[in-house]
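Chemist:
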Amino acid sequence: MNRTSFRLFITPLLLVICTLFYYFGELVDWAVWDALRHNFFYGVHDIHRLLFLAPIIYAGYTARVKGAIIITLVSFIIFLPRAFFISPFPDPLLRMLLFIIFAGVIGCLVGTVRNQAKRSRQLEAMITSERDKLLSIVDGMADGVIITGPDYRIRFMNANMVKEFGAGTGSTCYEHLQKVDAPCKQDCKIPDVINSGEIKKWECEFPGGRSYEIMAAPYVDTDGTVCQISIFRDISQRKNA
Amino acid sequence: MDPEWILRIVLFGIVHWILAGFFLHDLASRQRVFGGHKPPWAIVILIIPCFGSILYLLFHPQILNPDYYQDKHHRDKHDK
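Sequences listed follow chains A and B, in order. Mapping of the first sequence onto numbering that gives the first Met the number 0: residues 0 to 240, in sequence order. Mapping of the second sequence onto numbering that gives the first Met the number 0: residues 0 to 79, in sequence order.
(1) By alpha-carbon positions, which one of B:27, B:43, B:42 and B:34 ends up nearest to residue 62 of chain B?
(2) Taking buried to mean at least 16 other C-beta atoms within 10 Å of its own C-beta, is residue 224 of chain A buried or exposed?
(3) Count the CB pairs spanning the stretch 76 to 92 of chain A and the stretch 101 to 108 of chain A that are closer than 8 Å, and state whether there are at least three.
(4) Measure the C-alpha to C-alpha separation of residue 230 of chain A and residue 155 of chain A and round it to an integer number of angstroms.
(5) Verify the CB distance criterion: does residue 69 of chain A have a CB-CB separation below 7 Å to chain B?
(6) Jot down the residue ranges of each uninterrupted beta strand (DSSP E) in the stretch 42 to 112 of chain A, minimum 3 residues, whole runs only, in chain order.
(7) So is residue 95 of chain A buried or exposed if we call it buried at 16+ other beta carbons inside 10 Å?
(8) Among the residues of its own chain, which have a CB less than 7 Å from the CB of residue 190 of chain A, if the five just before and after it don't count?
(9) Three-state secondary structure (DSSP) at residue 33 of chain B?
(10) Less than 7 Å between the C-beta atoms of residue 18 of chain A and residue 57 of chain A, yes or no?
(11) Mind checking if residue 53 of chain A is an interface residue toward chain B, Cβ cutoff 7 Å exclusive?
(12) Along chain A, which residues have their Cβ under 9 Å away from the Cβ of residue 30 of chain B?
(13) Could you tell me how far apart the beta carbons of residue 68 of chain A and residue 103 of chain A are, in whole angstroms, since I believe they sit closer than 8 Å?
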């Protein structure tokens, strides 16, 4: 039996073990195992019932809410003979019912949490795959793409931009692209783009005699910050011609 | 009849029908069942209160692991 098949039988196995434990006193009486006769097996079975939380919670974990309900009801059936015919203590049915409700709620909660965790994982995987797809498209572009925050820090550079200017994510755009210590006064359009939300287009000279046509637009990053996304098109050849 | 006994029978009946509902739905949607025939299982679930359902559960534990077929499919694919 392989691991996956074995997993199927964990819950029934847990139920069988719990049932044997729950009726162990009666089993000892029936089989006359006097050596195993202990008071613990003949007292109020509220403690013994707690053991059934294991299969109920496990069913909630593996089979979600439906599994938790099924195993809670199966546990209820297992408790019935003691509640109806065996228990000499007061209100056996009421105590058993209270436990069943408590265990059922716990099992359903486990199932719900598991459902949500699984859904979150699926959503995360979907978002990651979409992001990877988008990044591969952006990386494959012939133009350079750069995302700059309102603090002038570079948040993203595509492969073409890295090839032209070197990796500079995290550093300021004026230091990395223009090699200056302060934001470019005339050429910089970040404040306009971010504050007014306009799409701007301009030409810009960079060290090394390179000229680029830049088109910038506002872009809201994943953290909610309004940034600037710019497309850099190399026009050096056109300018020099 | 003693009201407590009526309460017991009602409780037993409620549990029986909830379980029967779950397992009959599972039986209807299942392609293969133990023994190959579905009608005997439906009769067992309906005629033997509660214990018929437990019997069905023991023979079809997949109901408690909905990921089983997905895992099996992945494993088979991986083996190929």
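By construction, the Cβ of each residue, glycine as well, lies at the ideal position given by its N, Cα and C atoms. Because the structure is a prediction, the values reported are computed rather than measured.
Modeler: Checking against the coordinates, here is how it stands:
(1) Working through the second sequence from its first residue, we reach residue 62 of chain B at position 63. Minimum Cα distance to residue 62 of chain B is reached at B:27.
(2) Taking the first residue of the first sequence as 1, we reach residue 224 of chain A at position 225. It is exposed - the Cβ of residue 224 of chain A has fewer than 16 other Cβ atoms within 10 Å.
(3) No, the stretch 76 to 92 of chain A does not touch the stretch 101 to 108 of chain A.
(4) Working through the first sequence from its first residue, we reach residue 230 of chain A at position 231. Working through the first sequence from its first residue, we reach residue 155 of chain A at position 156. Whole-angstrom Cα-Cα distance: 12 Å.
(5) Here residue 69 of chain A is taken as the residue at index 70 of the first sequence, counted from 1. Answer yes: the Cβ-Cβ gap between residue 69 of chain A and chain B drops below 7 Å somewhere.
(6) none
(7) Taking the first residue of the first sequence as position 1, residue 95 of chain A is located at position 96. Looking at its Cβ environment, which holds 16 or more other Cβ atoms inside 10 Å, residue 95 of chain A is buried.
(8) By one-based count along the first sequence, residue 190 of chain A stands at place 191. Same-chain partners within the cutoff: there are none.
(9) Your numbering for residue 33 of chain B matches position 34 in the second sequence. Residue state, collapsed to three classes: coil.
(10) On the first sequence, residue 18 of chain A is found 19 positions in, with the first residue counted as 1. On the first sequence, residue 57 of chain A is found 58 positions in, with the first residue counted as 1. Not closer than 7 Å, so no.
(11) Your numbering for residue 53 of chain A matches position 54 in the first sequence. Taking Cβ atoms only, chain B never reaches closer than 7 Å to residue 53 of chain A, which makes this a no.
(12) By 1-based counting over the second sequence, the position of residue 30 of chain B is 31. Near residue 30 of chain B there are no residues of chain A at all, since even the closest Cβ is about 17 Å away, more than 9 Å.
(13) Counting from one through the first sequence, the residue named residue 68 of chain A turns up at place 69. Counting from one through the first sequence, the residue named residue 103 of chain A turns up at place 104. Going by Cβ atoms, the distance from residue 68 of chain A to residue 103 of chain A rounds to 7 Å, so yes, they are a contact pair.
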